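Quick note on this note's numbering: the sequence shown kicks off at 104 and runs consecutively.
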Amino acid sequence: MRKLTLAAGVLVAAVLAIAWLGGWIDWLTYAAINAQREFQTALAGAIDRLRAAEPGATLGLVGLCFGYGVLHAAGPGHGKLLVGGYALANRARAARLVAIALAASLAQAATAVVLVYAGVLLFSWTSRQMVGMAEQSMTVASYAAIGAIGLFVGIRGLKALAAAPDHAHAGGHSHSEHGPYRGHGDHACACGHSHGPDLASVERVRTLRDALPVIAAVAVRPCTGAIFLLILCWRIGADAAGIAGTFAMGLGTALVTVGAAFLAMTMREGAWASGLDTDTMRRVMGGAGVLVGLILVSTSALMLRVYL
């Protein structure tokens, strides 16, 4: 099983490298953007059918919104980067990654609902004002949050690197004697000091508190398409259909985000399955944390430069 996991991690890394070098990722991004435009036209037709109270119009709208969410997530966006980065830098279980991706996408949908109905009912904003709020103020807040998360992840990675022991054991003692997946626990070995927590203890440190900033950074920037959908449905008195469609978009987005997280998790588990001892893997994971932190901080700085 360990060899299979390692092979899967290497295969995923190779496929991603080939896709990037061959320009396939750019092609897929452009294809997703063009498909989004076609879906926006189809969405307008679905709204017209909803206004005319045609049979199955609501169900058709919800299904279309789910597809739009998938394509929206497949294009440029920071949700995949954040959740994928979390998966790479933290040894979280698959169920936890799915929960984080779902929570982030559904929270993003909820933000769109709150923004639109607060704007309409409390502040009497126009649609342009609501879109401006989402694309300016909330976008700036989102990218600032990404930068803060990047700093947190990077600093934690540096601490992990600093905490990893860097010494040779006397008497030929090595971690490999205990197997690649077991640390020394709380007992002391012949070299006279503790080697830190075992892998089970390390995994327990990764709590919901670590995931909440990731969820918030995604949620604070609602999808513009969802805002338009909610406004149009509100204008024709189809509020429930608009809200259902918005959350269907969120589920479609979550599907792609979960896929990105699983790719990162496969690469990470491939590294763990390489047979390296616990201390070496702590250095590797610390280095991964530093790398992810640098990517997030750089992305935040570049995007804030555009908006500020």
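Ideal Cβ positions, reconstructed from N, Cα and C, are used throughout, including at glycine.
This structure is a prediction, so every number in the text was calculated from the model and none was measured.
Practice task
Answer yes or no: do glycine 260 and valine 400 have a C-beta to C-beta separation smaller than 8 Å?
Solution key: no
Handout entry: Three-state secondary structure assigned by DSSP to proline 316
Key = helix
Problem - Three-state secondary structure (DSSP) of methionine 206 - result: What sits at residue 206 in the sequence shown is alanine, not methionine. Helix, per DSSP.
Practice task
Quick one: give me the first and last residue of the alpha helix (DSSP H) that serine 227 is part of.
Solution key: Taken as a continuous stretch (DSSP letters only), serine 227 belongs to no alpha helix (DSSP H), as it is neither H nor E.
Practice task
Go through its chain and collect everything with a Cβ distance to glycine 353's Cβ below 7 Å, but skip five positions before and after it.
Solution key: Gly172, Ser208, Leu209, Gln211 and Ala212
Handout entry: Touch test, the segment 384-400 against the segment 215-231, Cβ-Cβ under 8 Å, three pairs minimum
Key = Short answer: they don't touch.
Problem - Spatial distance of glycine 348 from alanine 263 (CA atoms) - result: 43 Å
Practice task
Kindly indicate the opening and closing residues of the alpha helix (DSSP H) around methionine 384.
Solution key: In the DSSP assignment, methionine 384 falls within the alpha helix (DSSP H) that extends over 381-410.
Handout entry: Rounded C-alpha distance that separates glycine 412 from alanine 177
Key = Any answer about residue 412 is impossible in this case: the structure gives the chain only from 104 up to 411.
Practice task
Rounded to whole angstroms, what's the CA-CA distance from alanine 198 to arginine 152? Just pull it up for me.
Solution key: Between alanine 198 and arginine 152, the alpha-carbon positions lie close to 39 Å from each other.
Practice task
Would you be able to state if there are at least three C-beta pairs under 8 Å between the segment 314-326 and the segment 140-152?
Solution key: no
Problem - Range of the contiguous alpha helix (DSSP H) that encloses glycine 159 - result: Where glycine 159 is concerned, there is no enclosing alpha helix (DSSP H), given that its DSSP letter is neither H nor E.
Exercise for the section: Tell me whether arginine 371 sits in a helix, a strand or coil according to DSSP, three-state version. Expected result: Note: arginine 371 maps to helix in three-state DSSP.
Problem - Top-ranked residue by Cα proximity to cysteine 168, from Ala265, Thr369 and Phe331 - result: Of the candidates Ala265, Thr369 and Phe331, Phe331 places its Cα closest to the Cα of cysteine 168.
Handout entry: Alpha-carbon to alpha-carbon, alanine 160 and glycine 170
Key = Within the model, the alpha-carbon separation for glycine 170 versus alanine 160 is close to 15 Å.
Practice task
Could you tell me the boundaries of the alpha helix (DSSP H) in which isoleucine 339 lies?
Solution key: That residue, isoleucine 339, is in no alpha helix (DSSP H); it is neither H nor E in DSSP.
Practice task
Assign arginine 152 to one of three DSSP states: helix, strand, or coil.
Solution key: In this structure, arginine 152 counts as helix in the three-state DSSP scheme.
Exercise for the section: Give the secondary structure of arginine 199 by DSSP, where H, G and I count as helix, E and B as strand, and everything else as coil. Expected result: helix
Problem - Boundaries (first-last residue) of the alpha helix (DSSP H) holding alanine 416 - result: The chain is shown from 104 up to 411; residue 416 falls before or after that span and cannot be answered.
Handout entry: valine 234 - DSSP class collapsed to helix/strand/coil
Key = helix
Practice task
Identify, in the order they occur along the chain, each residue of the same chain with its Cβ nearer than 7 Å to the Cβ of glycine 392, setting aside the five sequence neighbours on each side.
Solution key: Ala192, Val256, Gly257, Arg259, Gly260 and Ala263
Problem - Reduced DSSP secondary structure (H/G/I, E/B, other) of valine 323 - result: coil
Exercise for the section: Drop a sphere of 10 angstroms on the beta-carbon of alanine 412, count the other beta-carbons inside from all chains shown, and report buried for 16 or more, exposed for fewer. Expected result: Examination of residue 412 is not possible in this model, given that the chain is present from 104 through 411 alone.
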